[in-house]
Amino acid sequence: MENDNKIVSSSQQKALAEQAERELFEKKLAENKKAIETGDFSSFDDEVEAKIEEEAREKKAEEDKAAPPDENAILEVRHLKKFFTLKKSLFGKPLSSLRAVDDVSFIIHPGETLGIVGESGCGKTTMGRTVLKLYHPTAGQVFFEGQDVAGLKEKEMRCLRTKMQIVFQDPYSSLPPRSTVGDILAEPVKVHNIVPKEQIKDYVLELMESCGLRDYYYERYPHEFSGGQRQRICIARALAVKPKFIVCDEPVSALDVSIQAQIINLLKKLQQERGLTYMFISHDLSVVKYISDKIGIMYLGSMVEFGNKAEIFNNPLHPYTEALFSAVPNPNPDEKTEKIVLTGDIPSPANPPKGCKFHTRCPRCKEICKHVAPEYKELEPGHFCACHLYD
Ligand SMILES: Nc1ncnc2c1ncn2[C@@H]1O[C@H](COP(=O)(O)OP(=O)(O)OP(=O)(O)O)[C@@H](O)[C@H]1O
Ligand code: SF4
Ligand SMILES: [Mg+2]
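Just so we're aligned, residue 51 is where the sequence shown starts under the numbering used here, counting upward by one.
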């Protein structure tokens with residue numbers, strides 16, 4: 051009996067402690083709300099705010115899960131996350147992680163090019179690879195032609211692999227040195243049964259021609275070619291399996307400036323001929339401006355602005371976009387553009403700043419920005435931005 055009393059009293063104690071904790075949380079929450087209303091953040095609790103924000107994001111992701119995929123989109127990404135585990139416990143539980151892609155959502159329509167821009171380390175490559183399921187997503191949905199690929203097993207992904215391809219930045223390391231161009235291009239055609247066996251050589255030669263490669267290159271090896279020619283081979287290899295969507299990850303950054311335009315024009319020509327859709331990752335804004343229909347700007351794993359090219363270039367809303375674009379030389383010498391210099395280092399995505407992730411470098415930072423993350427909202431039709439300037 052005495053023992054029972056002890057049990058009851060310890061469970062009561064636990065309940066009382068939980069209630070006290072809840073009440074304290076509610077109190078802090080009310081104080082935080084007041085701080086946001088009054089603008090006095092002296093007693094603001096950042097941890098409580100972070101918890102509330104995380105819960106709200108998860109709730110939104112859960113709600114959005116129920117919605118059917120957009121039938122006009124070739125690719126629809128919803129609340130995509132990719133975290134890399136940095137430290138694990140003895141039992142394999144993640145103790146700390148790096149948020150390389152942190153709740154990113156967007157849509158690409160067939161035949162469009164989405165340019166993805168942002169400084170080094172902001173998560174462009176990780177996002178491209180996660181969309182293709184070369185990395186397993188931590189959370190979120192990726193619909194390709196209406197099918198959620200994020201949850202598919204490797205076996206189920208196999209046939210989708212041909213529809214979604216990638217062209218890498220470095221054409222030197224991405225080609226097998228001991229195979230001829232003909233063999234490199236024929237291999238995926240054979241593996242995926244793209245054409246009957248007896249037609250493979252003709253198919254490959256035709257592919258080479260459309261990528262600006264001479265037919266006598268068929269017997270040659272990658273080391274015999276320049277960077278530009280090798281990138282043409284990489285593009286031909288990606289096209290060999292008749293994809294619909296290609297992630298181009300900095301496909302011209304490793305090339306001579308004189309060659310870059312040729313490769314960009316080749317990608318444009320192939321897009322028109324074959325109705326391809328591209329995600330074009332680059333930190334070169336002039337290249338992105340030339341090739342893209344839509345542009346997404348990333349900062350520390352988050353999409354901070356997204357919209358049509360003209361909207362983004364003529365009416366940038368996010369201070370980070372403004373700063374990036376102010377660094378692009380203006381071709382009109384009569385128009386004076388003020389260069390916005392961003393001070394401070396890029397923070398680590400393993401320990402991003404609280405509130406707005408950009409606040410440590412933002413020239414227009416307000417007090418609220420240091421504590422509360424801005425909501426990613428559609429401010430004008432098709433133009434999304436996450437910034438407190440538009441609350
Ligand atoms: N396999 C990995 N394990 C742990 N961290 C990783 C891994 N791959 C990328 N990261 C980290 O994730 C973040 C995003 O990297 P990512 O390569 O996607 O950036 P990026 O925008 O493509 O950069 P860059 O312009 O330099 O190519 C970086 O902080 C990077 O160090
Ligand atoms: S929310 Fe604040 S810190 Fe972040 S970009 Fe906007 S103004 Fe700058
Ligand atoms: Mg990259």
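All residues carry an ideal CB built from backbone N, CA and C; glycine is no exception. Model, not experiment: these values are computed from the prediction.
Going by DSSP, Ile234 is part of the alpha helix (DSSP H) stretching over 231-241. The three-state secondary structure of Leu289, taken from DSSP, is helix. Inclusion of Thr212 and Val291 in the CB contact set at 8 Å is warranted, their separation being smaller than that value. Residue burial is scored here from C-beta neighbours: Val307 has fewer than 16 other C-beta atoms within 10 angstroms and is therefore classed as exposed.
Considered as a whole, the stretch 127-193 harbours 174-181 as its complete alpha helix (DSSP H) runs of no fewer than 4 residues, in chain order.
What you get when you keep residues with a C-beta closer than 6 Å to any heavy atom of ligand 1 is Phe134, Leu148, Ala150, Gly168, Ser170, Gly171, Cys172, Gly173, Lys174, Thr175, Thr176, His333, Pro399. Bounds of the beta strand (DSSP E) holding Ile345 are 344-349. The stretch 131-143 and the stretch 199-218 do not touch, with fewer than three beta-carbon pairs separated by less than 8 Å. Exposure of Asp395 is indicated by the presence of fewer than 16 other C-beta atoms within 10 angstroms of its C-beta. In the displayed model, Ser332 falls within coil according to three-state DSSP, outside both helix and strand.
DSSP places Gly277 within a helical segment (H, G or I) once states are collapsed to three.
No heavy atom of ligand 3 is found nearer than 7 Å to the CB of Asp220. Distance from the C-beta of Pro366 to the nearest heavy atom of ligand 2 is not below 7 Å. The continuous beta strand (DSSP E) containing Lys427 extends over residues 426-430. Here the alpha carbon of Cys284 sits roughly 9 Å from the alpha carbon of Leu235. Apart from the 5 residues on each side of it in sequence, Gly405 sits with its Cβ closer than 7 Å to the Cβ of Cys419, Lys420, His421, Val422, Ala423 in its chain, given in chain order. In this structure, Thr371 keeps its C-beta atom at 8 Å or more from the C-beta atom of Ile341. Under the three-state reduction of DSSP, Asp265 is assigned to helix.
Excluding residues up to 5 positions away in sequence, Leu130, Lys131, Lys132, Gly173, Thr176, Met177, Thr180, Gly351 lie with their Cβ nearer than 7 Å to the Cβ of Val151 in the same chain. Short note on Leu429: C-beta not closer than 7 Å to any heavy atom of ligand 2. Going by C-alpha positions, Ser260 is about 24 Å away from Arg228. Rounded to whole angstroms, the separation of the alpha carbons of His368 and Cys412 is 10 Å. Within the same chain, Cβ atoms closer than 8 Å to the Cβ of Leu320 are found at Ser260, Cys261, Ile285, Leu289, Leu326, the five residues on either side in sequence being excluded.
Here Leu225 is not near Pro293, since their CB atoms are 8 Å or more apart. Between Val192 and Ser155, the gap from beta carbon to beta carbon reaches 8 Å or more. Taking 7 Å as the cut-off, the C-beta of Tyr185 does not count as close to any heavy atom of ligand 2. Residue pairing for Asp299: DSSP places it in a beta bridge opposite Ile331. Leu374 is not bridged by DSSP to any residue. Tyr222 places its beta carbon 8 Å or farther from that of Arg270. Glu73 and Leu66 have their C-alpha atoms roughly 10 Å apart. Straight-line spacing of the CA atoms in Gly165 and Lys83 works out to 38 Å. Sequence-distant Cβ neighbours of Ile314 in its own chain, meaning closer than 8 Å and more than five residues away, are Val302, Val337, Tyr340, Ile341. In this structure, Pro397 has its beta carbon at no less than 7 Å from each heavy atom of ligand 2. Straight-line measurement puts the Cα of Ala189 at about 15 Å from the Cα of Lys203. DSSP places Val98 inside the alpha helix (DSSP H), whose first and last residues are 96-115.
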